[in-house]
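**Student:** Following this message is one structure expressed as structure tokens.
Chains as they are written, first to last, in our numbering: chain A, 225 to 675; chain B, 225 to 675.
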């Protein structure tokens, strides 16, 4: 679980809570998390981060030290002590509906819906967004990289360029969900059970007087697991030396130069030297485009190590997921649908559900967003289910392996065009008529100008 | 301090350690951290993350659980138990020289130099890179945003789009170093003493039947600190209502629409309504370019709230800092300079120092990289100093306020052209002749091909 203090939130969440508390307002409220539009180069998203976020929510509480800090802030100078007393007992006890982690989702779709007393629902916004935005962004990038590799293994190597150590962990986790087979991040293995993988570094080779000494030493330490880095001095020379270093070489890594040409030459050398089972691992600022190009050129690369580009989703490094109030229970049984009317940021009121329709062959045809209260449309599958009730998960967390398997199976139900790197396919997402009606009702009820 | 388990490292660091251990190799080694080239749109970097990294190093150790996990990995099947026993006593006890946190630095310059037994120096690579790459990247972005604001306040609002909660914290910290005046991240205030700031959200306005009720409620709770969000329904209408909500309005926030035009109209309304001291805060996917444009159009915005673009360094979201072995003590008193020779990745051997030359008026003129053993050139300032010895800091950590003040003063010594958003100024960084000689010596000593 990511380590999250309850104060890792925006100040305004806490000031709004204090203002609500002062008014005695704490109506049951519904917020929805969605992404307004797809980032550049993305034709779909892989929803990720859910289980991490739920785990944080189950444990959310204020320590005395944290409350003391809040009380010391000038902003809170006029806030009554009873508010800070109330924080001592704060727990998230709401209900959450969400898409499955690993699900294929699109812009405008409700991905997660929180219904809780207003103060609880408000406070958790920042954490939910930062965990889910980041994880979904990386998983969506990883899905592209994995697609580009056409069945060859992709491993995640990016912690050193991730946005801090925790981002490295979340990147490893999200990449695995979307089909990477392993990560170099050892803590990600320890914490999440992701297979950990690695080769060796240039510094290792350089620490020995001769390259062959380095190779022999490493192979002796890891008789079945030695993947040797061969580009420190001369790649082809390195390939010969690596092949001779041990009778059963696991593999070699190329980290510079023309990877297509070098991998072909290295493959020949390894085969000639009696190492037909040795794998070729390639790295060096790889991304989905470069991988596709390498495979197009026939590069006999078995494993792609992808770092910076994957762990930062470099071409689309920020996912603009938002969390918006859509309904509030003003009085028992009286739910008011709400929306804001800011230019360029259309929103739709009301708690919603998301349905997916499939062809007879099981291919995803289109999605439909409805109000949650509407009857499920025939022949469709509801994508949001209740994952937390009274602040507790409704079921045990799936394993990361299960999430990965689910994600793979769901993505396979979409047309191949959607998964192409330059896809311009616009998967159809519709809204029910009732949502548009609800929007009109909410707009009509909206405060008018004074004149 | 960021929470970092010692396992948040790449597997190969640990496998290489095991192989060295097996050979009985643990020579004193020197690694240097540097950035090969500046990212797009950057004419300089603000070095950041140092004090966080040092704090992690002081506490680095393996728990029994972590060692058990390592021992369970298939890779380590043939590694002797004595290695895992040795890990129990692992501490970082090396020496570190580094630039001051907040320093203006450039591509190719040594920013941090580690001299330690090889096993220690190797293990810490991943953590050092992920903390310093990320922090330096964000601080460098923030410096641009702060420059663009021409003295108006910039506050960091980006946690919800940062790469996870910890990245939000590191982004707040790095932004503050480069001149932001505050952050919305409450934990960043708690942990680092950064001023925390905030307004209110659309959901707050929408939770009340009327906008004016929301404004009055918030102003009553925060009599001197109410900055009201006025674009939920109609911005100009909102400005009137906000001005009437309290006799002494702190400010209003605009979060959509044409910010230049709206801010001018809102300023007039606030002044007419007797609120000349109320500040205008603007947000909505701002970055340095948009801020420069708004100021060019004469927008009377007092405070810029910058989120996504800042907390992810969106136009340049990955900094390619590397950590390379440059020297190794093969025998007592015999230091070997090393380098790798991979195509496209030139490296320079030997422990280095970085000097800065100033004009008589105190302006930075150029930098010079030398071997650490060279005499300090006359009239220059050494930028690397010893910050850690025997694994302990050589001095107390400066406060974040001190780091911010230092960064501001050092940046002010560079020409204005360097700080322009579209700067093409190439600040001169030279290498001493002795480094090129050492490179030649190392190349000559490099393992040759077999034939």
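Every residue, glycine too, gets a C-beta built ideally from N, C-alpha and C. Source: prediction; values computed, not measured.
Find the nearest neighbour of residue 254(A) within the set 656(A), 584(A), 549(A) and 413(A), judged by alpha-carbon distance.
**Tutor:** When each option's Cα is compared against that of residue 254(A), the closest is 549(A).
**Student:** What does a CB cutoff of less than 6 Å around residue 511(B) pick up in its chain, not counting 5 residues either side in sequence?
**Tutor:** Closer than 6 Å at the Cβ level, and outside the excluded window around residue 511(B), lie 533.
**Student:** Compare the C-alpha of residue 228(A) against each of 428(B), 366(B) and 415(B) and name the closest.
**Tutor:** For residue 228(A), the nearest C-alpha among the options comes from 415(B).
**Student:** Determine, using beta carbons only, whether residue 649(B) comes closer than 9 Å to chain A.
**Tutor:** Output row for residue 649(B): interface = no.
**Student:** Please name the residue in 547(A), 450(A), 627(A) and 638(A) whose C-alpha comes closest to that of residue 585(A).
**Tutor:** With distances taken between Cα atoms, residue 585(A) lies closest to 638(A).
**Student:** Taking Cβ positions only, does residue 612(A) come closer than 9 Å to chain B?
**Tutor:** Answer no: the Cβ-Cβ gap between residue 612(A) and chain B never drops below 9 Å.
**Student:** Identify every run of the alpha helix (DSSP H) within the region 233 to 263 of chain A, keeping only runs that are complete inside it and at least 4 residues long; order them along the chain.
**Tutor:** Runs of the alpha helix (DSSP H) inside the region 233 to 263 of chain A: 235 to 247.
**Student:** In three-state terms, what does DSSP make of residue 546(A)?
**Tutor:** Note: residue 546(A) maps to strand in three-state DSSP.
**Student:** For the beta strand (DSSP E) holding residue 670(A), just list the boundary residues, first then last.
**Tutor:** No beta strand (DSSP E) holds residue 670(A); DSSP gives it neither H nor E.
**Student:** Could you work out which residues of chain B lie near residue 166(A), taking near to mean beta carbons separated by less than 7 Å?
**Tutor:** Any question about residue 166(A) goes unanswered here, given that chain A covers just 225 to 675.
**Student:** Considering only the beta carbon of each residue, do residue 519(A) and residue 333(A) sit closer than 9 Å?
**Tutor:** Their beta carbons are not under 9 Å apart, which means residue 519(A) does not touch residue 333(A) by this criterion.
**Student:** Could you name the residues of the region 552 to 579 of chain B whose beta carbon sits closer than 7 Å to any beta carbon of chain A, in the order they occur along the chain?
**Tutor:** Within the region 552 to 579 of chain B, the residues whose Cβ lies closer than 7 Å to some Cβ of chain A are 552, 562, 564, 565, 566, 567, 568 and 569, listed in chain order.
**Student:** In or out: residue 601(A) buried (at least 16 other Cβ within 10 Å) or exposed?
**Tutor:** That one is exposed.
**Student:** In three-state terms, what does DSSP make of residue 377(B)?
**Tutor:** In the structure shown, residue 377(B) sits in a strand (DSSP, three-state: E or B).
**Student:** With a threshold of 16 other CB atoms inside 10 Å of the CB of residue 354(A), please say whether the residue is buried or exposed.
**Tutor:** Burial call: buried.
**Student:** Would you say residue 303(A) faces chain B, with C-beta separation under 9 Å as the test?
**Tutor:** Closer than 9 Å: yes.
**Student:** Residue 615(B) and residue 337(B) look like a contact to me (Cβ under 8 Å); what is the Cβ gap, rounded to whole Å?
**Tutor:** With 8 Å as the limit, residue 615(B) and residue 337(B) do not qualify as a contact, their Cβ atoms being about 15 Å apart.
**Student:** Shortest alpha-carbon distance to residue 502(B) belongs to which of 265(B), 508(B) and 487(B)?
**Tutor:** Among 265(B), 508(B) and 487(B), the Cα nearest to that of residue 502(B) is on 487(B).
**Student:** Taking only beta-carbon atoms, is residue 538(B) less than 9 Å away from chain A?
**Tutor:** It does: the Cβ of residue 538(B) has a partner Cβ on chain A nearer than 9 Å.
**Student:** State the start and end residues of the unbroken alpha helix (DSSP H) segment that holds residue 360(A).
**Tutor:** It spans 349 to 372 - the alpha helix (DSSP H) in which residue 360(A) sits, taken as one unbroken run.
**Student:** Between which two residues does the beta strand (DSSP E) holding residue 577(B) run?
**Tutor:** Looking at the DSSP string, the run of the beta strand (DSSP E) that includes residue 577(B) is 576 to 582.
**Student:** From the DSSP output, in three-state form, read off residue 309(A) for me.
**Tutor:** It is helical.
**Student:** Which residues in chain A sit within 7 Å of residue 442(B), going by Cβ to Cβ distance?
**Tutor:** Under the 7 Å cutoff, chain A gives 243.
**Student:** Could you tell me the distance, in whole angstroms, from the CA atom of residue 461(A) to the CA atom of residue 625(B)?
**Tutor:** About 53 Å.
**Student:** What whole-angstrom Cβ distance do residue 634(A) and residue 382(A) have, given they're in contact under 8 Å?
**Tutor:** Wrong, their Cβ atoms sit about 25 Å apart, outside the cutoff.
**Student:** From which residue to which residue does the alpha helix (DSSP H) around residue 487(B) run?
**Tutor:** Taken as a continuous stretch (DSSP letters only), the alpha helix (DSSP H) holding residue 487(B) covers 483 to 496.
**Student:** How would you list, in chain order, the residues of chain A whose beta-carbon sits under 9 Å from the beta-carbon of residue 425(B)?
**Tutor:** Near residue 425(B) (Cβ distances below 9 Å), the residues of chain A are 234, 236, 237, 240, 346, 349 and 549.
**Student:** Between the region 390 to 410 of chain B and chain A, which residues of the former have a C-beta closer than 8 Å to a C-beta of the latter?
**Tutor:** Cβ contacts with chain A: 390, 391, 392, 393, 394, 395, 408, 409 and 410.
**Student:** Please report the straight-line C-alpha distance between residue 575(A) and residue 286(A), rounded to a whole angstrom.
**Tutor:** Roughly 29 Å separates the two Cα atoms.
**Student:** Indicate whether at least one CB of chain A lies closer than 9 Å to the CB of residue 275(B).
**Tutor:** No, residue 275(B) lies away from the interface with chain A (no Cβ there is under 9 Å from its Cβ).
**Student:** Span of the alpha helix (DSSP H) holding residue 558(B)?
**Tutor:** From DSSP, residue 558(B) is part of no alpha helix (DSSP H) but of the beta strand (DSSP E) over 558 to 561.
**Student:** Is the distance from the Cβ of residue 656(A) to the Cβ of residue 595(A) below 9 Å?
**Tutor:** Yes, these two residues count as a Cβ contact at 9 Å.
**Student:** How would you list, in chain order, the residues of chain B whose beta-carbon sits under 7 Å from the beta-carbon of residue 293(A)?
**Tutor:** In chain order: 414.
**Student:** Using only alpha-carbon positions, find the residue among 349(B), 395(B), 389(B) and 440(B) that is nearest to residue 256(B).
**Tutor:** The residue with the shortest Cα to Cα distance from residue 256(B) is 349(B).
**Student:** DSSP beta-bridge partners for residue 270(A)?
**Tutor:** According to DSSP, which records beta bridges pairwise, residue 270(A) is partnered with 328(A).
**Student:** Span of the beta strand (DSSP E) holding residue 403(A)?
**Tutor:** No beta strand (DSSP E) holds residue 403(A); DSSP gives it neither H nor E.
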